[in-house]
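Protein sequences appear in the order of chains D and A.
Going by this note's numbering, the first sequence opens with residue 12, and the numbers climb by one from there.
Going by this note's numbering, the second sequence opens with residue 978, and the numbers climb by one from there.
All C-beta atoms in this analysis are idealised placements derived from N, C-alpha and C, irrespective of residue type, glycine included.
Given the structure is predicted, the values throughout are model-derived calculations rather than measurements.
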Amino acid sequence: MIDFELSPEEKTTIEAAHKFAEEFMRPISRYYDEHEHEEPEEFIQKSMGLRSQGGVFGLGVAAALRVEEYCWGDAGLMLAMPGPGLGGAAVFASGTREQIERFLKRYGEDKPCWGAMAMTEPHCGSDTAAINTTAVREDNEWVINGEKIFVTAGKRAMEKSNGLTVVWATVDKTAGRAGMKPFVVEAGTPGVKVEKQEKKLGIRASDTVTLVFDNCRIPFDNILGSPEVRKVDKTDTSGFKKAMATFDATRPIIAAMAIGVARAALDFVKETLEKEGVKIRYGLPRQKLTALERDVMEMESQYKAAKMLMLRAVWMMSQFQPNNLESSMAKVKAGLAATRITQKAVEILGPLGYSRKYLVEKWMRDAKINDIFEGTGQINMLVVARRILDFTREQLK
Amino acid sequence: MISFSPTEEQQMIVNMVKQFATDEMRKVYRECDENGEIPQKVIETAWGLGLVSSCIPESYGGAGGERSVLTGVLIAEELAWGDLSMAMHVLCPSLFVLPILEMGTEQQKKKYLPLFCGAKFTAATAALVEPKFNFDPNALSTTASKNGDSYVLNGEKCFVPLAAESEAILVYAAEDGQTQGFIVDKGTPGLEIKEREKNMGIKALATYELALKDCRVPRENRLGGDKGCDFNRLLNCSRVALAAMAVGVAKASYEYARDYAKTRVAFGEPIASRQAIAFMLAETAIEIDATRLMVWEAAWMLDKKMEATREASLVKFYADDMVMTATDRGVQILGGHGYVREHPVELWFRNGRGFATFDGMAMV
Ligand SMILES: Cc1cc2nc3c(=O)[nH]c(=O)nc-3n(C[C@H](O)[C@H](O)[C@H](O)COP(=O)(O)OP(=O)(O)OC[C@H]3O[C@@H](n4cnc5c(N)ncnc54)[C@H](O)[C@@H]3O)c2cc1C
């Protein structure tokens, strides 16, 4: 039955997330935007307490809606919250049962711990199949060499905690996608170095670093999934596909992040207008609306559209339905909607929007990342287009 | 619990309507648009599906099915996918039936509902839109004033579907500045049904202008009697119906353009292999889905009897733009071929443009 009612438990955890966002994120939001590489220690400790409520990550409807609330609070701080993150999602999607247990156990312990995922390299981002990082087997080990950039939570995962990074590397460059495999590199492994910490437009509380792998040796069974790669079958891209399926789980979560930031801006605009006595007259015909009312309605409907697509994508996942198309749809829409909504908010609020006295300008900077990472808007549009056309990547480049 | 699955029963109804749309509407819609007429057979077949009468209680001769706005929007989308003119035609009696069913007095229900439980299509309609650019359903120019035991209606209406053949018309008018509904039976003195309108789109749907000149109806013809009606809810039920129809029209255009783009070759490969085309299609697919889900949410709220003016208005607003963009792209993707009437995309484009104007012309 089509239903939009949340269960009482869902409502409770979402309300708790909202309260947390209001009490512990908003008040420090500006500070950590302006003190970019400073560690929000106290905040991190506070977020450890959230694990009993289902934690920061998770893949159901309630988890996505909690992410929305946290990002309503502050998207950068949300990404700084301890947890398995994108690395954990990759382990979960591609790991064996033993690996999941071995690698993810640490996230249930009392010390804050992060996870990261490293795909992007200096010369390639969208074109993931072009990565140069290599993994070579030597006896009972893999030797990893290469450079990864823009690794979210890379520093926290590798230097500040006993975390891990899932690194994508090729075991056979000539095999293209079939040769690409995910490897788990744990914190403290010799041969991996955290370099350059990026200075960014937004989400500044989230650390974004370069990881350099210099003859980094990891145990043989740190390759996620089947280790049977002695001979690479060039036509077998199932491993790659399976790992790409991680995105089906994470893209709706990125959509939820975007939606949270968008709602922050939308709420602020509506509150400000209300204070000034401006009411949005919803039932009015178009011709009679003021330009301002139209703008707000446009923003609100964009928000709704994105949210509905996001909810559908996570709901499908929770029902174990394939959601590749739907999660890319949600990601494209939410990335764009959040970008537009926050930009419009800055415009509408005039000097209040542009001033750093308020958070709107920050939200506009924060929102933009959702249209870029986990597949840019264009890349997700490509996924959608290939799906609806039933085209291969050769048929639609 | 959040869920996006229709019930089995809803799915059955949707399949049935889709079948009808494919087998009947899609066979004749172009011809209908050209000559402005819908074959009686199609109308009767639709009537036989019980789309209007199913929710009329058994005590009034109906099937006694549950009244569900959600089921209604699912049906409306499929019908409009088949053809918008026909969809509006076959659902037109609902414009009269649903307000009476939900808000009518016992006497009104007894008198009118049984008329729509017969084997043959029975027309009835509602008159809301007025011929002026800044028409506002909550500030109507048509007036109703109480005069002894009757109401006197004065004003002009347009876009009244099937007015000429309707047994009764629900005329919306301002009574002391508030919109109320008044049942005007066929042939009531002072009700003048003018010539059939000529519109850019929905050409197969017969719509009319009306003039009400001191048109007197008995006091008991006021919708809901002394209590009046919840006009806002009626508007919302209409908004979601129209938004669902917009989704149907957009989907028709999108599917056609998508299939065309896969076969039309330019510069050595299908035009769909170029991002400029593929991305237009992808974006349209996304917007269609988003709008549909927003329609569902608003409809769900209406079924729960929640105040849904915000949601219904937002989705109508969104759908009006979405369908225009979607159908415009339909034409664009076919290029010059989209501009000629051999292909249906220009028809959907003309129909799509109407949604921003349509108000109260469909209801679920
Ligand atoms: C703050 C931040 C955090 C990040 N976190 C991570 C992380 O944790 N792990 C990780 O691996 N990466 C991460 N990234 C990297 C991110 O995923 C990439 O930046 C992104 O995928 C785009 O790659 P690129 O920057 O190389 O751009 P490019 O791939 O060079 O793209 C440039 C432009 O070309 C467009 N484009 C590219 N190919 C096509 C095509 N086929 N069709 C149409 N348009 C195309 C793109 O959409 C984009 O607009 C992060 C990036 C940032 C900024």
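| Query | Result |
| --- | --- |
| Rounded to whole angstroms, what's the CA-CA distance from Ala-1157(A) to Cys-1214(A)? Just pull it up for me. | Contrary to the premise, residue 1157(A) reads as Gln rather than Ala in this sequence. The alpha-carbon atoms of Gln-1157(A) and Cys-1214(A) are separated by roughly 16 Å. |
| Just how far apart, CA to CA, sit Ile-966(A) and Gly-87(D)? | This structure cannot settle anything about residue 966(A), because the visible part of chain A is limited to 978 through 1341. |
| Which chain D residues sit within Cβ distance under 7 Å of Thr-984(A)? | Met-12 |
| Quick check on this structure: which residue in Glu-1011(A), Leu-1187(A), Ser-1118(A) and Phe-997(A) has the alpha carbon closest to the alpha carbon of Lys-1018(A)? | Phe-997(A) |
| Residues in its own chain within less than 8 Å of Ile-270(D) by CB, not counting five upstream and five downstream? | Glu-79, Cys-82, Tyr-314, Ala-317, Lys-318, Met-321, Ala-345, Ala-348 and Ala-349 |
| Please confirm whether any heavy atom of ligand 1 lies closer than 7 Å to the CB of Glu-170(D). | no |
| Tell me which same chain residues have a C-beta within less than 6 Å of the C-beta of Val-1161(A), skipping the five on either side of it? | Ile-1146, Val-1148, Leu-1168 and Val-1194 |
| What three-state label does DSSP hand Phe-15(D) in the structure shown? | coil |
| Could you tell me the boundaries of the beta strand (DSSP E) in which Phe-128(D) lies? | The sequence shown places Met at residue 128(D), not Phe. Here the beta strand (DSSP E) through Met-128(D) covers 126-129. |
| Is the beta carbon of Ser-1030(A) sitting closer than 8 Å to the one on Phe-1093(A)? | yes |
| Return the CA-CA distance between Phe-54(D) and Asn-233(D), expressed in angstroms with no decimal places. | 32 Å |
| In angstroms, rounded to a whole number, what distance separates the CA positions of Ala-273(D) and Lys-342(D)? | 13 Å |
| May I ask whether a heavy atom of ligand 1 can be found less than 7 Å away from the beta carbon of Ala-420(D)? | The shown model of chain D, from 12 to 408, leaves out residue 420(D), and the question about it has no answer. |
| Secondary structure at Val-203(D), three-state DSSP: helix, strand or coil? | strand |
| Rounded to whole angstroms, what's the CA-CA distance from Val-1074(A) to Asp-382(D)? Just pull it up for me. | 47 Å |
| Taking only beta-carbon atoms, is Trp-1058(A) less than 8 Å away from chain D? | no |
| Considering Cys-82(D), what are the terminal residues of the alpha helix (DSSP H) in which it resides? | 72-91 |
| Going along chain D, which residues have a C-beta under 7 Å from Tyr-1295(A)? | Ser-312 and Ala-316 |
| The beta strand (DSSP E) that contains Asn-1111(A), what's its start and end? | Here Asn-1111(A) belongs to no beta strand (DSSP E), and DSSP marks it neither H nor E. |
| Assign Leu-303(D) to one of three DSSP states: helix, strand, or coil. | helix |
| Taking 8 Å as the CB-CB cut-off, is Ser-1031(A) touching chain D? | no |
| Considering Arg-1173(A), what are the terminal residues of the alpha helix (DSSP H) in which it resides? | First-last for Arg-1173(A): 1168-1173, but that is the beta strand (DSSP E), not the alpha helix (DSSP H). |
| Evaluate Arg-241(D) with the Cβ neighbour count: other Cβ atoms within 10 Å of its Cβ, from every protein chain shown; 16 or more gives buried, anything less gives exposed. | Any reading at Arg-241(D) must be qualified, since the residue scores a pLDDT of 48, below 50, and its modelled position is unreliable; no value is offered. |
| Is there at least one Cβ from chain D nearer than 8 Å to Arg-1235(A)'s Cβ? | yes |
| Within a Cβ cutoff of 8 Å, which residues of the same chain sit near Glu-206(D), ignoring the five residues on either side of it in sequence? | Val-220, Thr-221, Leu-222 and Val-223 |
| Report whether the distance from the Cβ of Met-130(D) to the nearest heavy atom of ligand 1 is below 7 Å. | yes |
| For chain D, is any of its Cβ atoms less than 8 Å away from the one on Glu-1274(A)? | yes |
| Should Val-325(D) go down as buried or exposed, given a rule of 16 or more other Cβ atoms within 10 Å for buried? | buried |
| If you follow the alpha helix (DSSP H) that Ile-111(D) is part of, which residue opens it and which one closes it? | 108-115 |
| Count the other CB atoms within 10 Å of the CB of Ser-249(D); is the residue buried (16 or more) or exposed (fewer)? | exposed |
| Val-1067(A) lies in the alpha helix (DSSP H); which residues open and close that run? | 1061-1068 |
| Give the list of continuous beta strand (DSSP E) stretches no shorter than 3 residues that lie fully inside the region 1150-1212 of chain A. | 1155-1162, 1168-1173 and 1184-1195 |
| Alpha carbon to alpha carbon, how far is Met-92(D) from Gly-60(D)? Give it in angstroms, no decimals. | 11 Å |
| With a cut-off of 8 Å on the beta carbons, I'd call Lys-1190(A) and Asn-1131(A) a contact; round off their distance for me. | 7 Å |
| With a cut-off of 8 Å, does the C-beta of Ile-990(A) fall near any C-beta of chain D? | no |
| Compare the C-alpha of Tyr-43(D) against each of Thr-23(D), Asp-14(D), Ala-27(D) and Met-89(D) and name the closest. | Met-89(D) |
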